[in-house]
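Asks:
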Amino acid sequence: MQDRPFDLLNKVIGKKILIRLKNRVDVRGKITSFDAHMNLVIEDAEELEEGAVKLKLGTILLRGANIIFVSPAE
Numbered sequence: 001m002q003d004r005p006f007d008l009l010n011k012v013i014g015k016k017i018l019i020r021l022k023n024r025v026d027v028r029g030k031i032t033s034f035d036a037h038m039n040l041v042i043e044d045a046e047e048l049e050e051g052a053v054k055l056k057l058g059t060i061l062l063r064g065a066n067i068i069f070v071s072p073a074e
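Following my numbering, the residues of the sequence shown are numbered contiguously, the last one being 74.
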């Protein structure tokens, strides 16, 4: 049986993830929680530019409607 999207998000709580937003901004940080709309709370968030840290954001809330993908961060 395949995992559902929320099953996968549950598996990465507390781990670093990479998120691509609709405006082509990449954000990396540790996911701490999410809701049914896929709004994500991210701690130690950093905005990336070409893989390098551009800006440290701290704790942020990302609106699910703006997210294109979520991937494990390396």
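Note that the Cβ used here is the ideal one computed from N, Cα and C, for glycine as well.
Which residue comes first and which comes last in the beta strand (DSSP E) that contains Arg44?
Replies: As a first step, residue 44 is located in the sequence shown; it is residue number 44 there, counting from the start. This sequence places Asp at residue 44; Arg is not what is there. It spans Leu40 to Glu49 - the beta strand (DSSP E) in which Asp44 sits, taken as one unbroken run.
Asks: Excluding sequence positions up to five away, which residues of its chain have a Cβ less than 7 Å from the Cβ of Asn66?
Replies: Position 66 of the sequence shown, counted from the start, is the residue given in the question as residue 66. Excluding sequence neighbours, Asn66 sits near Leu21 and Lys22.
Asks: Would you call the CB atoms of Leu18 and Ile31 closer than 8 Å?
Replies: Taking the sequence shown and counting its residues from 1, one reaches residue 18 at position 18. Taking the sequence shown and counting its residues from 1, one reaches residue 31 at position 31. Their beta carbons are not under 8 Å apart, which means Leu18 does not touch Ile31 by this criterion.
Asks: From the DSSP output, read off the bridge partner residues of Val27.
Replies: For the purposes of this step, residue 27 is taken as residue 27 along the sequence shown, with counting starting at 1. Ile19 and Glu47, per the DSSP bridge assignment.
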